[in-house]
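In our numbering, the protein residues as written are 688 to 942.
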Ligand code: SAH
């Protein structure tokens, strides 16, 4: 594959607006002292992040050309060349850490699932996603965009939709609008239910989101005997995180 074609798969849309770049970096809480930037590209966020005081700062970038550029322009910066999705995050920081970036949109959901899997270590995320993903993650029950990631992440994070970003501040411009969101870890250590089952219940519920939970949860092959009729008659998008936790507890209790 030639270079230009290969790069198409890297989700490269470079931010060209310095005010927006500063706003993203300023959205990171001042308490976050260990910071990882995903996909720094040509360093539009990096140059502000690098000036943060007392910060243990690293970047992970998959694109060779960007890595070379970063080494040249920020000689003291720790640039990890590689795929964020494959990177073992706990090998980098001993303490919990923050993730920031104008993320590659082709792997947005995978980045967020990785945050969920590493929730014991990731205390904050500030990042730009395509607007639709940002809305999905920050949506609450009852909304059409409320889904798996909204429930899983809001069980452990307080999520805020910060601001919308137009297409024309990127080079090349993406096809859709973007938005910046912030996730801050809440104080829940473990859920009051089996967390593996919780994930299965949430996924099964939303995989067939138009069906009632009675039908959508059938694929789990578990007894739903103890679950109240009022819950089984609802659809996944109508349940709050608390209700999903209670539902999981009830299912667990009747196996
Ligand atoms: N932060 C820069 C670039 C954003 S574009 C800016 O705002 O201008 C997304 C960046 O993510 C690109 O530099 C791309 O090479 C990088 N990238 C894509 N997939 C990646 C992955 N799996 N791991 C790490 N970086 C990745």
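Glycine residues also receive a C-beta, built at the ideal position from the N, C-alpha and C atoms.
{"Item": "Would you identify the three-state DSSP class for residue 714, choosing helix, strand or coil?", "Value": "coil"}
{"Item": "Would you check if the stretch 720-738 and the stretch 783-799 touch, i.e. whether three or more CB-CB distances between them fall below 8 Å?", "Value": "yes"}
{"Item": "Rounded to the nearest angstrom, what separates residue 779 and residue 767 at their Cα positions?", "Value": "10 Å"}
{"Item": "Taking C-alpha atoms, which residue in 868, 908 and 934 lies nearest to residue 916?", "Value": "934"}
{"Item": "Hey, quick one: how far does the alpha helix (DSSP H) through residue 797 stretch, first residue to last?", "Value": "795-804"}
{"Item": "Quick one: is residue 880 buried, meaning 16 or more other Cβ sit within 10 Å of its Cβ, or exposed?", "Value": "buried"}
{"Item": "Where does residue 827 land, buried or exposed, given buried means 16+ other C-beta within 10 angstroms?", "Value": "exposed"}
{"Item": "Any heavy atom of the ligand SAH closer than 8 Å to the beta-carbon of residue 794?", "Value": "yes"}
{"Item": "Which of the three DSSP states, helix, strand or coil, is assigned to residue 723?", "Value": "strand"}
{"Item": "Where residue 849 and residue 868 are concerned, what is the direct C-alpha to C-alpha distance, given to the nearest angstrom?", "Value": "5 Å"}
{"Item": "Report buried or exposed for residue 912, applying the criterion of at least 16 other Cβ atoms within 10 angstroms of its Cβ.", "Value": "exposed"}
{"Item": "One question on the structure: do residue 919 and residue 901 come within less than 9 Å of each other, judged by their Cβ atoms?", "Value": "yes"}
{"Item": "Shorter than 8 Å, the distance from the beta carbon of residue 743 to the closest heavy atom of the ligand SAM, or not?", "Value": "Absent from the structure shown: the ligand SAM. Ligands present: the ligand SAH."}
{"Item": "List, from N- to C-terminal side, the alpha helix (DSSP H) runs of 4 residues or more that fit wholly inside the stretch 855-940.", "Value": "882-894, 900-903, 916-919 and 928-940"}
{"Item": "Rounded to a whole number of angstroms, what is the C-alpha to C-alpha distance between residue 1007 and residue 836?", "Value": "Missing from the structure shown is residue 1007; the chain here goes from 688 to 942 and no further."}
{"Item": "Please say whether residue 702 and residue 824 have beta carbons closer to each other than 9 Å?", "Value": "no"}
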